[in-house]
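The block underneath contains the structure these notes are about, expressed in structure tokens.
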Amino acid sequence: MALTLAAVKKRAKKIRCVFLDIDGVMTDCKLYLAADGSELKAVNVKDGLGIKLLMKAGIEVAVISGRPSEAMQKRLEYLGLKHIYLNTEDKLPAYEAIQKKLGIKDEHCAHMGDDTPDIPLFTRVGLAIAVNDAHPKALAKAHWKTRNIGGNGAIREAADMILAAQGKG
Ligand SMILES: [Mg+2]
1 MALTLAAVKK
11 RAKKIRCVFL
21 DIDGVMTDCK
31 LYLAADGSEL
41 KAVNVKDGLG
51 IKLLMKAGIE
61 VAVISGRPSE
71 AMQKRLEYLG
81 LKHIYLNTED
91 KLPAYEAIQK
101 KLGIKDEHCA
111 HMGDDTPDIP
121 LFTRVGLAIA
131 VNDAHPKALA
141 KAHWKTRNIG
151 GNGAIREAAD
161 MILAAQGKG
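Quick note on numbering: UniProt numbering labels position 152 of the sequence shown as 152, and the sequence is numbered without any gaps.
Set out below in structure tokens:
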């Protein structure tokens, strides 16, 4: 369902909240497992800046992820995110709760994802963005695919595109 760049930009103009997945979008999907049971993952500082630029431009950023992570919670709070739903496997109820809170419709929402749990949101939002290395089933439902892979600047790339479409780039 990939759209032309002009059609993507038309949709991007209306975006007031960007929803992000964590594993595979904010990270490269890898977990480093330590003997004590703890997990490490890496985030990209460029993506962090992309999130901040969106919020500075008045666009809300929300995170909905199936996995719990204390370290990620701290990172997201550090970035200033107000809508953080971790350990939330069913993404739609969280999506709808945030929509209600912000008083926005599907056309005002973008979602960035990388795999099949993102499809329920992809089929609802005005702008469905898949990272370059997303699962083919998720890619098939996306309106736009980033050049970058997850955890490697894909969020910054999407933020730049949305801000440019809104004349805020
Ligand atoms: Mg994911």
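Backbone N, C-alpha and C define an ideal beta-carbon position, used for all residues, glycine too.
Which one or two residues does DSSP pair with residue i in a beta bridge?
{"i": "cysteine 109", "result": "Cys17"}
{"i": "lysine 145", "result": "Ala130"}
{"i": "tyrosine 85", "result": "Ile64"}
Cβ of residue i within 7 Å of any heavy atom in ligand 1?
{"i": "valine 18", "result": "no"}
{"i": "residue 216", "result": "This structure gives no information on residue 216, because the portion of the chain shown stretches from 1 to 169."}
{"i": "serine 24", "result": "Looking at the sequence itself, residue 24 is glycine, so the reference to serine does not match. Because some heavy atom of ligand 1 lies under 7 Å away, the Cβ of glycine 24 counts as near it: yes."}
{"i": "aspartate 114", "result": "yes"}
{"i": "aspartate 21", "result": "yes"}
Just confirm the distance between the C-beta atoms of residue i and residue j, as a whole number of angstroms; I'd bet it's less than 8 Å.
{"i": "glycine 150", "j": "cysteine 29", "result": "6 Å"}
{"i": "histidine 108", "j": "arginine 16", "result": "4 Å"}
{"i": "isoleucine 51", "j": "valine 61", "result": "5 Å"}
{"i": "alanine 138", "j": "isoleucine 155", "result": "About 16 Å separates the two Cβ atoms, so there is no contact after all."}
{"i": "isoleucine 129", "j": "alanine 158", "result": "5 Å"}
{"i": "isoleucine 84", "j": "leucine 76", "result": "5 Å"}
{"i": "lysine 14", "j": "glycine 126", "result": "6 Å"}
{"i": "residue 178", "j": "leucine 54", "result": "Past the edges of the chain, shown from 1 to 169, lies residue 178, and the structure says nothing about it."}
Inside the segment 31-60 only - alpha helix (DSSP H) runs reaching at least 4 residues: 45-56
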